[in-house]
């Protein structure tokens, strides 16, 4: 596929995973089949800088890729995004020269992705605290030559699929509990155990499960950028990796639901000639267009003004509005399409089940509004004390 552009490869992947989606959703096919196709489509190095052998896409270009795949199969788009949640900030550092251990770490990650086709995933969320770094119970302790990690992670997407997991943990000896670091853990490291596949009513394709870390030893070289305690402060400065990738994938889902509603109406002469239905279709069309413009603007801002509060506001506003749009589309689908929206086994019914999960993916609606409200009244959103993560 080397001669094809990234959007062309993503479009082809979309066609392939569309055929698998229903079987993965029902459990007839393992989700690993979709990620085998992701690897074959060479989509793991999209954001890796060109100088390191990647494609060097902008965040907006990446968002458009997720939107394209999300329209075909949202779980696969979300799974791909988790790979970039894990390595995205590292990719964005590509234009900054590094030295010593930090340079070696970044080079190793890029080499694993580009030359070995390795997939990364993020292991942050925990039961009761979600993905909020300041509430982590997973700990690390220093030992000779490295660290020992202990704890339990929940909702680890790509569990059993990714080669490496980026684990967030707090310093067990830090009383303030603000010293949060990230470590690279291999899926087959001693003490790592994947268990408890999440029994959700949708999103089986994300391959989500729990992860246990039982005194897992990692070398110093597997500390993210070889710097302890920078994770929380990095998130406060640039929160888009905890929010924006989900936004692109769910915007694709919104477009898919919108299209399925239109298809259902177009097949029914009675509804397609009903002025009330036409007005509702027109309203939804306007909403989808408006939210798409907001999402694309926010993604463009990440590339042009990364790290500013204004960009973070745009990111949170976009995530909030995508969630609201999907809730609106779900309600409209049931009103307009009736049993077609509720009949098990139909594509629309499956997509409506998937839509509900936008509001539980970070940042949640109340978190988006809280950030926007704090920023609007003038709080310093680069101060960790004002940022509830």
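Residue numbers (the working numbering): 285 to 673. All C-beta atoms, glycine included, are put in the ideal place defined by N, C-alpha and C. Everything numeric in this text was worked out from a predicted model, so none of it was measured.
#1: Quick check on residue 498: does DSSP put it in helix, strand or coil?
#2: Output yes or no for whether 9 angstroms exceeds the beta carbon distance between residue 523 and residue 647.
#3: Measure the C-alpha to C-alpha separation of residue 457 and residue 416 and round it to an integer number of angstroms.
#4: Whole-angstrom Cβ separation of residue 353 and residue 360, contact assumed at under 8 angstroms?
#5: Here's the rule I'm using: 16 or more other beta-carbon atoms within 10 Å means buried, otherwise exposed. How should residue 371 be labelled?
#6: With a threshold of 16 other CB atoms inside 10 Å of the CB of residue 300, please say whether the residue is buried or exposed.
#7: Using C-beta distances below 8 angstroms, list every residue in its chain close to residue 293, excluding the 5 sequence neighbours before and after it, in chain order.
#8: Roughly how far, in whole angstroms, is the beta-carbon of residue 613 from the beta-carbon of residue 642, given that I think they are within contact range, below 8 angstroms?
#9: Using 9 angstroms as the threshold, is the C-beta distance between residue 397 and residue 338 below it?
#10: Identify which residue in 357, 321, 429 and 306 has its Cα closest to the Cα of residue 403.
#11: Which residue from 650, 500, 384 and 444 puts its Cα closest to that of residue 433?
#12: With respect to the alpha helix (DSSP H) encompassing residue 574, which residues constitute its N-terminal and C-terminal limits?
#13: With distances taken between CB atoms, is the gap from residue 468 to residue 451 smaller than 9 angstroms?
#14: Touch check for the segment 361-368 and the segment 527-543: three-plus C-beta pairs under 8 angstroms?
#15: Answer with buried or exposed for residue 257, where buried requires no fewer than 16 other C-beta atoms within 10 angstroms of its C-beta.
#16: If we ignore side chains and look at the alpha-carbon of each, how far apart do residue 425 and residue 669 end up?
#17: If residue 574 and residue 598 are in contact, beta carbons under 8 angstroms, what's the gap, nearest whole angstrom?
#18: Please name the residue in 578, 618, 653 and 667 whose C-alpha comes closest to that of residue 347.
#19: Using the C-alpha atoms, what's the distance from residue 420 back to residue 515?
#20: Would you mind sorting residue 650 into buried or exposed? The rule is 16 or more other CB atoms within 10 Å of its CB.
#21: Can the beta-carbon of residue 388 be found closer than 9 angstroms to that of residue 331?
Considering the structure as presented:
#1: strand
#2: yes
#3: 19 angstroms
#4: 6 angstroms
#5: buried
#6: A residue is called buried when at least 16 other Cβ atoms come within 10 angstroms of its Cβ; residue 300 meets this threshold and is buried.
#7: 285, 325, 326 and 327
#8: That pair is no contact at about 11 angstroms.
#9: yes
#10: 321
#11: Comparing alpha-carbon positions, the option among 650, 500, 384 and 444 lying closest to residue 433 turns out to be 500.
#12: Secondary structure note for residue 574: its alpha helix (DSSP H) is the uninterrupted segment 559-589.
#13: yes
#14: yes
#15: The structure shown does not extend to residue 257, since the chain is modelled only from 285 through 673, so no value can be given for it.
#16: 25 angstroms
#17: The Cβ separation is near 14 angstroms, so there is no contact.
#18: 578
#19: For residue 515 and residue 420, the distance between alpha carbons rounds to 12 angstroms.
#20: exposed
#21: no
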